[in-house]
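**Student:** For the sequence shown, the numbering used here begins at 3 and goes up steadily by one.
From the three backbone atoms N, C-alpha and C, an ideal C-beta is built for every residue, glycine too.
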Amino acid sequence: MAIRLLPPELVNQIAAGEVVERPASVVKELVENAMDAGASRVTVDLEGGGADLIRVSDDGSGIAPEDLLLAVTAHATSKIASFDDLEAVASFGFRGEALASIGSVAQLRITSRRAVDGHAHSIEVDGGQVTGPRPAAGAAGTVVEVRTLFRNVPARRKFLRSQAAETGRVHDAIDAIALGAPGIGIRLTSDGRPLVDLPPQDERTRCVHVLGKGLASELLDLSFEFEAPELHGPIRIGGVVATPAAAKSSARNQWIIINGRSIEDRSLQHAVREAFRGLMDPSVHPVYALFVELDPRAVDMNVHPAKTEVRLRFPSLVHRAVRRAVAQALERRGLVVQERLPASERPEPTMPLPLGMPQRAIVHDDGGDRGIVQVPMGGGPSASEQLTRPAHGTGVSPEPTRFAESQLDAAAASAPVRFMQVDHAWLVVEEGDGLTVIDQHALHERVMFEELKARIERAPLERQRLLMPELVDCGAGAIERIESLTPILDRLGLECTPSGARTIAVHSVPTFLVERGIGAREFLAAIVAGDLQADDPRAAEAALSEVLDLMACKAAVKAGDRLTHAEIAALLARRATIDRPDRCPHGRPTAFRLTTADLERRFGRA
Ligand code: ADP
Ligand code: MG
Numbered sequence: 003m004a005i006r007l008l009p010p011e012l013v014n015q016i017a018a019g020e021v022v023e024r025p026a027s028v029v030k031e032l033v034e035n036a037m038d039a040g041a042s043r044v045t046v047d048l049e050g051g052g053a054d055l056i057r058v059s060d061d062g063s064g065i066a067p068e069d070l071l072l073a074v075t076a077h078a079t080s081k082i083a084s085f086d087d088l089e090a091v092a093s094f095g096f097r098g099e100a101l102a103s104i105g106s107v108a109q110l111r112i113t114s115r116r117a118v119d120g121h122a123h124s125i126e127v128d129g130g131q132v133t134g135p136r137p138a139a140g141a142a143g144t145v146v147e148v149r150t151l152f153r154n155v156p157a158r159r160k161f162l163r164s165q166a167a168e169t170g171r172v173h174d175a176i177d178a179i180a181l182g183a184p185g186i187g188i189r190l191t192s193d194g195r196p197l198v199d200l201p202p203q204d205e206r207t208r209c210v211h212v213l214g215k216g217l218a219s220e221l222l223d224l225s226f227e228f229e230a231p232e233l234h235g236p237i238r239i240g241g242v243v244a245t246p247a248a249a250k251s252s253a254r255n256q257w258i259i260i261n262g263r264s265i266e267d268r269s270l271q272h273a274v275r276e277a278f279r280g281l282m283d284p285s286v287h288p289v290y291a292l293f294v295e296l297d298p299r300a301v302d303m304n305v306h307p308a309k310t311e312v313r314l315r316f317p318s319l320v321h322r323a324v325r326r327a328v329a330q331a332l333e334r335r336g337l338v339v340q341e342r343l344p345a346s347e348r349p350e351p352t353m354p355l356p357l358g359m360p361q362r363a364i365v366h367d368d369g370g371d372r373g374i375v376q377v378p379m380g381g382g383p384s385a386s387e388q389l390t391r392p393a394h395g396t397g398v399s400p401e402p403t404r405f406a407e408s409q410l411d412a413a414a415a416s417a418p419v420r421f422m423q424v425d426h427a428w429l430v431v432e433e434g435d436g437l438t439v440i441d442q443h444a445l446h447e448r449v450m451f452e453e454l455k456a457r458i459e460r461a462p463l464e465r466q467r468l469l470m471p472e473l474v475d476c477g478a479g480a481i482e483r484i485e486s487l488t489p490i491l492d493r494l495g496l497e498c499t500p501s502g503a504r505t506i507a508v509h510s511v512p513t514f515l516v517e518r519g520i521g522a523r524e525f526l527a528a529i530v531a532g533d534l535q536a537d538d539p540r541a542a543e544a545a546l547s548e549v550l551d552l553m554a555c556k557a558a559v560k561a562g563d564r565l566t567h568a569e570i571a572a573l574l575a576r577r578a579t580i581d582r583p584d585r586c587p588h589g590r591p592t593a594f595r596l597t598t599a600d601l602e603r604r605f606g607r608a
C-alpha cells in the first residue's frame, strides 16, 4: 500500500483508542476539563452505566461561541502554547484531543455560556459531522453530553462490561478526582440515583469521605516536608494513612495524588509498604490517600495518554520522602517495629484456618460502636469452653479481644427469665402477658442478618485468605453472574475470579463463615443457585441483601441443634436489639405469641 496521510476522522478514532477506553475514561476527561475551566461544582449524570449517556455539567468559565468549533478539533487547546508550557504544565488537559476523540466515537453535544454572553451556544458532533454552533438555552458554564458511546465502533461497545461494572469504574474515577480537588463540589448520579455528593471540603474531610467514614478514627495525618536543591523547591507530603488495624485485603483504597492528579505509581506504593514493614501482615494492604506536592518541573505528566502515570525526575528523593512521611505518622501513634519481644508478649501468629473445618471459636468484637457479639451456637461443649481468641484473617489486631464471660452473664441477665428448648428446635419463652414460641433457626438467621447488615455498612467483612485458591466448578452462565456480583462479594469477604470458562477461583472467604465451618464451595454453590445478578445499583442492593441472608441462613443454628442455657439466653438478648424480630428476612414468622387471654379462651375461662 502506498504511504498516505490518514484522514482526520481516522486519526481521531485512533486517538480515541488511547484516551476513550470506557465511560470512566470519558468522565475523567470531561471532569478534568471542567476543573481546568475553574469550575467550583461539577455534576456527572450517567444513564446505562454511561454507555447510553454521560452528562457533565460545570459552572466554569464557559467557551466563547467562536471557540466551540476549535474545542472539538484535534490538537486544539487553550492550555499550552509552547514547549516551555509543556515542561511545567499545571492544567489537567493539554493534548487537545479528548473532545475530538469523543466526538469520533459517540454523539457529542457541548452547550456553553460565558458569564459575559447573553445566552448559550451549542455544537454537535456525530460520527465526525459537526453541526453548529448555534444559539441555545443554558446557564453560565458548560454542559457536555455524550450519547451512545462506541455506537459506530461495535467491537468496543461489545467490550463494555455490565452496567454495574462500568458505573463502578466511573465511581472510582470520580473518587480519584475528588481526592485531588477537595475544594470542588462533585456529584455523580446513575439513572437518577445519587452515588456521590460531595460539597467543597477541606482535604482531610474529603479523604474521610472517600476512604469511608467508618475509618475516620483510624486515619493518621501525614505532614512532611523535604527540601532538595535539585527539585526547585520543597516536596510536601500530606493526606492520611490508616493504622495497620484498618488494612484491607485488596489494594483498592490506595490513592496517590501528585500535584492534584491521581496517578498509579508502583514505586510510591512500595514506599508506603516499606514504612509499614514489620507492623502489618504482608498479605494485607494499607489504606491511604497520599498527597505529594512538588514543583511541576520535577514531574513529567506527559507520559501516558490518559495521564494516569507520571515520570518523576527524581524518583528516589520522592520515594524517600513518602516513606519517611508515613513512618513518621505511624510513629506518632506509637506504631514502631519492636525488635525481639520476649516470647510471652509476642503476639500469636495469625494463621489461616483450614477451610471446611468447623471452628469452635466464635468470638467477635469488631471494635465498632455496637460491639457485635456472636454467641456460639450448636451442640457440644458449654459456651465458656468455646471461648477462645478470635481468628483474625486480615490485619494485625492491636489487641486480641476476648469474649469476657461477664458479657454472656450480662446477656443472660437481660434476657427473659424463663424459657425452654423443645425438641431441639423451638424455644418457649415466658414474656410479657403470656408466652412466645420461637423457631430457633429463623430467629438466629434474622438476628445474624441484621448484625451482618449493620457491620457491612461500616466496613467490609473480615476475610480469611486461602493459601491456595479453592477452585469451584460452575456453569458458564453462572460465571457471568458471579462476576457481576464481584463488588458485593468482595465487601462480604469472598474474593473470587473466573479461572477458565467454567471454574471460579476463590481467594478468600468471610471469617464469619469459616468460623461456622462453612466452606467456599458450599457458599458459592448457594449463591449460584440463588440466580442473583447485580447489573444495576438497585439489583445490586437486592443482591447484597440476598447474599447476606444466605450467609445468615447457612450459619444459623438448625432445628435439631441442642443449645445450652447461656446460648439461648444470648440469642434472646440479641432478639431484643433488632427491629421487627418476629419476621425472618423472607418475611416468614420467627415466632408467635400466646397471650394469657388466648390461654383463657382455650380453656373456656374467658
Ligand atoms: P485539552 O483539555 O487537552 O485542552 P480537550 O479536547 O479536552 O483538550 O478540550 C479542548 C478545549 O476545549 C480545551 O482546551 C478548552 O479550551 C475547551 N474546553 C473543554 N471543556 C471545557 C469546559 N468544560 N469548560 C470550558 N472550556 C472547555
Ligand atoms: Mg481535556
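Would you call the segment 61 to 77 and the segment 108 to 122 in contact, with 3 or more CB pairs under 8 Å?
**Tutor:** A contact exists between the segment 61 to 77 and the segment 108 to 122.
**Student:** Taking only three categories from DSSP, how would you classify His123?
**Tutor:** Reduced to three states, the DSSP call for His123 is strand.
**Student:** Output needed for Pro184: all residues of its chain with C-beta closer than 7 Å, excluding positions within five of it in sequence on either side, in chain order.
**Tutor:** Closer than 7 Å at Cβ, skipping near neighbours: Gln203, Asp204, Glu205 and Arg208.
**Student:** From which residue to which residue does the beta strand (DSSP E) around Cys209 run?
**Tutor:** Run containing Cys209: none in the beta strand (DSSP E); it sits in the alpha helix (DSSP H), Glu205 to Leu213.
**Student:** By a C-beta neighbour count over all protein chains shown, 10 Å radius and 16 as the cutoff for buried, is Ala300 buried or exposed?
**Tutor:** It is buried - the Cβ of Ala300 has at least 16 other Cβ atoms within 10 Å.
**Student:** For a quick check, are the C-beta atoms of Ala244 and His287 less than 7 Å apart?
**Tutor:** For Ala244 and His287, no; Cβs fall outside 7 Å.
**Student:** Decide if Arg590 is buried, meaning its Cβ has at least 16 other Cβ atoms within 10 Å, or exposed.
**Tutor:** When all chains shown are included, Arg590 counts as exposed.
**Student:** Can you check which of these residues, Ile179, Gly241 and Glu295, is closest to Asn35 by C-alpha distance?
**Tutor:** Comparing Cα positions, the closest option is Ile179.
**Student:** Am I right that Val289 and Leu213 are in contact with their C-beta atoms under 8 Å? What's the rounded C-beta distance?
**Tutor:** So it is a contact: roughly 6 Å between Cβ atoms.
**Student:** For the segment 44 to 74, which segments carrying the alpha helix (DSSP H) assignment without a break, of at least 4 residues, lie completely within its bounds, in sequence order?
**Tutor:** Listed in chain order, the complete alpha helix (DSSP H) runs (minimum 4 residues) inside the segment 44 to 74 are 70 to 73.
**Student:** Find out if the Cβ-Cβ distance for the pair Ile265, Val328 is shorter than 7 Å.
**Tutor:** For Ile265 and Val328, no; Cβs fall outside 7 Å.
**Student:** Would you say Ile56 touches ligand 1, meaning its beta carbon is less than 6 Å from a heavy atom?
**Tutor:** No, Cβ of Ile56 sits at least 6 Å from all heavy atoms of ligand 1.
**Student:** Does any heavy atom of ligand 2 sit closer than 6 Å to the C-beta of Ala26?
**Tutor:** Not under cutoff, so the answer is no.
**Student:** Just tell me which of Asp193, Val118, Asn154 and Leu197 has its CA closest to the CA of Asp177.
**Tutor:** Ranking Asp193, Val118, Asn154 and Leu197 by Cα distance to Asp177 puts Leu197 first.
**Student:** Consider the C-beta atom of Thr47 and the heavy atoms of ligand 1; say whether any pair is separated by less than 6 Å.
**Tutor:** Per the sequence shown, residue 47 should be read as Asp rather than Thr. No, since every heavy atom of ligand 1 falls outside the 6 Å radius drawn around the Cβ of Asp47.
**Student:** Sorry if obvious, but does the Cβ on Glu333 come closer than 6 Å to a heavy atom of ligand 2?
**Tutor:** Because no heavy atom of ligand 2 lies under 6 Å away, the Cβ of Glu333 does not count as near it: no.
**Student:** Between Leu110 and Val145, is the Cβ-Cβ spacing less than 7 Å?
**Tutor:** Going by C-beta atoms, Leu110 is not nearer than 7 Å to Val145.
**Student:** Cβ of Gly182 versus every heavy atom of ligand 3: is any distance shorter than 6 Å?
**Tutor:** Annotation note on ligand 3: not contained in the displayed structure, which lists ligand 1 and ligand 2 as its ligands.
**Student:** Between which two residues does the beta strand (DSSP E) holding Arg111 run?
**Tutor:** Unbroken beta strand (DSSP E) run through Arg111: Gln109 to Arg115.
**Student:** Alpha carbon to alpha carbon, how far is Ala554 from Arg576?
**Tutor:** Cα to Cα, Ala554 sits roughly 14 Å from Arg576.
**Student:** In chain order, which beta strand (DSSP E) runs of at least 3 residues are fully inside the segment 143 to 202?
**Tutor:** Within the segment 143 to 202, the complete beta strand (DSSP E) runs of at least 3 residues are 143 to 149, 187 to 192 and 195 to 200.
**Student:** Consult DSSP for Pro471 and reduce its assignment to one of helix, strand or coil.
**Tutor:** Strand at Pro471.
**Student:** What does the alpha-carbon distance come out to for the pair Pro135 and Val74?
**Tutor:** If you take the alpha carbons of Pro135 and Val74, they lie about 11 Å apart.
**Student:** Return yes when at least one heavy atom of ligand 1 lies under 6 Å from the C-beta of Ile65, else no.
**Tutor:** Yes, ligand 1 has a heavy atom inside 6 Å of this Cβ.
**Student:** May I have the straight-line CA-CA distance separating Arg57 from Gln442, to the nearest angstrom?
**Tutor:** Taking the straight line from one Cα to the other gives about 52 Å.
**Student:** Where in the segment 556 to 591 do unbroken runs of the alpha helix (DSSP H), each at least 4 residues long, occur, reported from the N-terminal end onward?
**Tutor:** Taking only runs of at least 4 residues, the alpha helix (DSSP H) segments lying wholly in the segment 556 to 591 are 567 to 577.
**Student:** Throw me the rounded Cβ distance for the Gly241 and Ala175 pair, which I believe falls under 8 Å.
**Tutor:** The pair is not a contact, with the Cβ atoms about 19 Å apart (cut-off 8 Å).
**Student:** From the DSSP output, which residues share a beta bridge with His287?
**Tutor:** Answer is Lys250, bridged to His287.
**Student:** Hey, could you find the ends of the alpha helix (DSSP H) Arg603 is sitting in?
**Tutor:** Taken as a continuous stretch (DSSP letters only), the alpha helix (DSSP H) holding Arg603 covers Thr598 to Arg604.
**Student:** Quick check on the DSSP output: the beta strand (DSSP E) that includes His509 runs from which residue to which?
**Tutor:** Thr505 to Pro512 is the extent of the beta strand (DSSP E) around His509.
**Student:** Mapping the DSSP letters down to three states, classify Arg263 as helix, strand or coil.
**Tutor:** Three-state result, Arg263: strand.
**Student:** Would you give the residue range spanned by the beta strand (DSSP E) that Met422 belongs to?
**Tutor:** Phe421 to Val424 is the extent of the beta strand (DSSP E) around Met422.
**Student:** So if DSSP puts Asp441 in a beta bridge, which residue, or which two residues, is it bridged to?
**Tutor:** Note: Asp441 sits in a beta bridge opposite Trp428.
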